[in-house]
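Working notes, structure below.
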Amino acid sequence: SSGINAEYGGFTSLSSSSTPLEVVELLNQMYTAFDSIIDEHDVYKVETIGDAYMVVSGVPERNGDRHAEEIATMALKIVCFCRGFRVPHRPNQIVNIRAGIHTGPVVTGVVGLKMPRYCLFGDTVNMASRMESTGEALKIQVSPDTHKVLTSSTAHDPFTFEYRGE
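See the structure below:
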């Protein structure tokens with residue numbers, strides 16, 4: 100499976116200088132657009148918590164070797180959307196989304212009784228989160244495992260990578 104974590108860089112400072120209604124309107128518009136994008140792909144939206152958006156491919160429905168390509172293509176569309184999307188109450192400000200992708204095994208299950216939720220656990224989830232938190236605005240940082248899968252796949256449109264660090 101492959102998972103993506105995406106967060107809005109600068110969200111905390113924006114929300115502290117905005118009204119609650121402005122924050123809700125921003126997140127609703129942004130997540131509604133993201134939801135439309137994910138409908139075009141073989142992915143599953145796991146959750147949104149504040150400005151964090153988590154999506155996976157390959158679970159709960161297995162999709163062979165397509166999971167990394169599905170997540171990467173979806174992530175590119177989300178970043179492209181954010182480049183043109185303006186914060187509704189600050190029309191000169193864009194959403195500086197950061198995205199991180201990792202590919203690997205996950206443990207899944209429905210937890211809870213009051214509000215049962217489908218959850219993902221394991222290093223793959225943690226690594227996707229680390230890829231996001233150390234990434235750059237309006238870029239997608241992929242782990243070496245995801246890079247390996249994407250470069251060895253038979254993707255219709257090959258992906259372009261830019262190396263960071265050493």
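Note that this note's numbering has the sequence shown beginning at 100, numbered continuously upward.
Ideal placement from N, C-alpha and C gives every residue a C-beta, glycine not left out.
Give a yes or no on whether the C-beta atoms belonging to residue i and residue j are separated by under 9 Å.
i      : j      : result
Ile196 : Gly108 : yes
Ile177 : Phe133 : yes
Ala171 : Ala105 : no
Glu169 : His140 : yes
Val209 : Met173 : no
His166 : Ser251 : no
Ile193 : Cys181 : yes
His188 : Leu249 : no
DSSP beta-bridge partners for residue i?
i      : result
Tyr107 : Ile196
Ala174 : Note: Ala174 sits in no beta bridge, so no partner.
Ala151 : Glu106 and Ile148
Ser112 : Partner(s): none; Ser112 has no beta bridge.
Arg216 : Val210
Restricting to Cα atoms, I'd like to know which of the options is closest to residue i.
i      : options                           : result
Pro159 : Glu261, Asn104, Thr207 and Val241 : Thr207
Gly199 : Arg216, Lys247, Gln240 and Leu120 : Gln240
Ile136 : Asn225, Ile148, Val154 and Leu113 : Val154
Pro204 : Thr250, Leu175, Tyr130 and Val224 : Val224
Asp138 : Leu126, Leu125 and Ser156         : Ser156
Phe260 : Leu175, Val186, Ala227 and Arg229 : Leu175
Val186 : Tyr262, Gln128 and Pro257         : Gln128
Gly149 : Phe258, Leu113, Cys218 and Glu235 : Leu113
Using three-state DSSP, classify residue i as helix, strand or coil.
i      : result
His140 : coil
Ser117 : coil
Asn225 : helix
Val209 : strand
Arg182 : helix
Pro190 : strand
Val158 : coil
Examine the Cβ distances between the region 235–251 and the region 110–127 and report whether three or more of them are shorter than 8 Å. no
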